[in-house]
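Beneath this line is the structure, given in structure tokens, with notes to follow.
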Amino acid sequence: MNLVTAHDYAWIRTSPLFLHMMESGYSLTLIRGWAPNDVLHAMQAEPRGTGEGTAGLIAADDAHRAESDYDYWDESYVAGAFSTSGPRDDWTLVLGFDGGLGIVDACARRLSKGGRVVAHSANGGKPIHLFHWFEDGELRTTFEEPSARDGNAPDQLVPLLREVGFPLTPEGRLEESAPDVDRKAATLALAERLTGIRVTESLLQEATYALGLVPEQPGEEWTGVVIDITDAHGERLHREWTYEEIATASDRAREEADAPVVVTYNEPPAMGHPERGPGE
Numbered sequence: 001m002n003l004v005t006a007h008d009y010a011w012i013r014t015s016p017l018f019l020h021m022m023e024s025g026y027s028l029t030l031i032r033g034w035a036p037n038d039v040l041h042a043m044q045a046e047p048r049g050t051g052e053g054t055a056g057l058i059a060a061d062d063a064h065r066a067e068s069d070y071d072y073w074d075e076s077y078v079a080g081a082f083s084t085s086g087p088r089d090d091w092t093l094v095l096g097f098d099g100g101l102g103i104v105d106a107c108a109r110r111l112s113k114g115g116r117v118v119a120h121s122a123n124g125g126k127p128i129h130l131f132h133w134f135e136d137g138e139l140r141t142t143f144e145e146p147s148a149r150d151g152n153a154p155d156q157l158v159p160l161l162r163e164v165g166f167p168l169t170p171e172g173r174l175e176e177s178a179p180d181v182d183r184k185a186a187t188l189a190l191a192e193r194l195t196g197i198r199v200t201e202s203l204l205q206e207a208t209y210a211l212g213l214v215p216e217q218p219g220e221e222w223t224g225v226v227i228d229i230t231d232a233h234g235e236r237l238h239r240e241w242t243y244e245e246i247a248t249a250s251d252r253a254r255e256e257a258d259a260p261v262v263v264t265y266n267e268p269p270a271m272g273h274p275e276r277g278p279g280e
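Letter 36 of the sequence shown, counting from 1, is numbered 36 in the working numbering, and no numbers are missing.
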């Protein structure tokens with residue numbers, strides 16, 4: 001039985017490799033039952049040969065960024081994939097220094113058909129750390145904060161979340177009296193519980209990666225905007241706008257901005273010359 005906890009991943013805080021992952025932004029995805037090149041093909045990645053260890057992966061990604069003249073808005077990146085074996089299954093591990101973009105949702109659903117996909121990421125510098133568990137084509141559980149989960153089965157992992165160290169109640173709410181935990185270490189432990197794959201610094205550094213250039217993904221269509229804010233006093237503002245409402249307001253504002261400006265001017269009476277009344 002796998003009893004790994006956050007304590008088993010304490011090494012990440014003294015690892016130069018993991019520090020680079022956190023600073024640059026990364027995504028690490030484990031896919032069951034797919035070969036590395038097949039995963040890269042599903043990601044629409046252009047083959048870029050192989051790279052020896054994370055040094056080779058980083059060098060290939062740096063070379064791509066130099067080719068694109070370090071365009072800040074270019075979200076393409078070089079991903080590396082290699083095979084690794086768990087207690088019962090073979091997995092492909094995909095690592096990308098991609099700012100936390102990760103494998104797109106539709107691709108992850110496809111790759112999880114009849115299997116499982118587990119991913120975690122950080123967006124580099126900003127405090128956004130995501131976790132995703134896909135099973136048989138469905139997003140079962142996803143979260144940024146483990147007490148605020150989403151997906152088709154958001155509560156299914158609560159027992160595992162508690163076991164690896166997350167401070168949650170049996171109902172899955174934040175346990176304020178529980179000691180805090182290194183949440184990134186706990187996330188890696190959770191991924192191991194779901195895959196059987198122990199991620200170590202040497203595993204990442206010594207693998208031979210199949211490399212692929214992942215293209216920019218088209219932006220997702222949006223249907224509306226939700227603002228949901230709770231202030232320090234517990235007062236909540238919740239407002240939803242549909243795409244049609246926003247488009248109508250935008251068109252109205254554009255019409256008002258394009259309308260001709262009419263300036264009226266009332267000339268004041270001349271100084272020192274009082275107005276004369278009738279007959280004066």
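Beta carbons: idealized from backbone N, C-alpha and C, even for Gly.
In this text, all values refer to a predicted model and were calculated from it rather than measured experimentally.
- When DSSP states are grouped into helix, strand and coil, E144 belongs to the coil group.
- Comparing alpha carbon positions, the residue from Q156, R252, P179 and A153 closest to G165 is P179.
- A distance of 8 Å or more separates the beta carbons of T200 and H129.
- Taking 8 Å as the cut-off, the Cβ atoms of I103 and A122 do not count as close.
- In terms of Cα proximity to T29, the closest of S177, L190 and E75 is L190.
- Classified as exposed, P16 has fewer than 16 neighbouring CB atoms from the shown chains inside 10 Å of its CB.
- Contact between V94 and V39 holds, since their C-beta atoms are separated by about 6 Å, short of 8 Å.
- Under the three-state reduction of DSSP output, E206 falls in the helix class.
- Using a Cβ distance threshold of 8 Å, G51 and Y209 count as a contacting pair.
- Fully contained in the region 28-110 are the following alpha helix (DSSP H) runs of length 4 or more, in chain order: 36-42 and 53-67.
- F97 is the residue among L213, S112, G53 and F97 whose C-alpha sits nearest the C-alpha of G125.
- Under the DSSP definition of a beta bridge, H120 partners with L28 and F131.
- About 6 Å separates the beta carbon of P36 from that of S83, a gap short enough to meet the 8 Å contact definition.
- Pairing P146 with L101, the inter-Cα distance amounts to about 20 Å.
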